[in-house]
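Peer 1:
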Amino acid sequence: MGIDDVVRAWSLAGTPTAADRLSRYARALVAERPIGPYRPLDDDQEDLAILALYRVDRPHATIGDLHQIPPLALSSYHQMLHDLASEGFGPLMPVPGAPAF
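Using my numbering, you'd call the opening residue of the sequence shown number 21 and step up by one each time.
(1) Buried or exposed for A69, please, with buried defined as at least 16 other CB atoms from any protein chain shown within 10 angstroms of its CB.
(2) State the start and end residues of the unbroken alpha helix (DSSP H) segment that holds G84.
(3) Kindly identify the DSSP beta-bridge partner or partners of P57.
(4) Is it buried or exposed for P79, if we count other Cβ within 10 angstroms and need 16 for buried?
(5) If you count every other CB in all the chains shown that lies within 10 Å of the CB of G117, and 16 or more means buried, which is it?
(6) Taking A33 as the reference, give the member of A105, M113, P111, L112 with the closest Cα.
(7) Where does P79 sit, in a helix, a strand or coil, going by DSSP?
(8) Using beta-carbon positions only, say whether A46 and I83 come within less than 8 Å of one another.
(9) Can you say whether A42 is buried or exposed, counting buried as having 16 or more other CB atoms within 10 angstroms of its CB?
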């Protein structure tokens, strides 16, 4: 799944953000992990996906910075992952020893 597919999925889910901005978020997310069929993420995997989105707005943010931010401030990033999942997609996280698809 490519950047345009991610933007289309977010648009279909009703994400209220301009397409050019969605494209920046999609590029950031796809650069960190490929996007494919939805699979639940554990907390660490979700943090990494949110960090990729957050870095669009705060390029030098670290995982430590992310943990200092109030949850409400991160809700739009959580919603973006939820919107992607509602369309049946999500970031693929590598599983040690599993073949890459």
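Beta carbons: idealized from backbone N, C-alpha and C, even for Gly.
Here the structure is a predicted model, which is why all the values come from computation and not from measurement.
Peer 2: Reading from the atomic positions:
(1) Flag for A69 reads buried.
(2) Where G84 is concerned, the enclosing alpha helix (DSSP H) stretches over 83-88.
(3) According to DSSP, residue pairing for P57 in a beta bridge involves F109.
(4) Flag for P79 reads exposed.
(5) Reliability of the predicted coordinates at G117 is poor, the pLDDT of 45 falling under 50, and no value is obtained from them.
(6) When each option's Cα is compared against that of A33, the closest is A105.
(7) The three-state reading of DSSP puts P79 in coil, since its state is none of H, G, I, E or B.
(8) Their beta carbons are not under 8 Å apart, which means A46 does not touch I83 by this criterion.
(9) Checking the sequence, you will find Leu at residue 42 rather than Ala. By the neighbour-count rule (16 or more Cβ atoms within 10 Å), L42 is buried.
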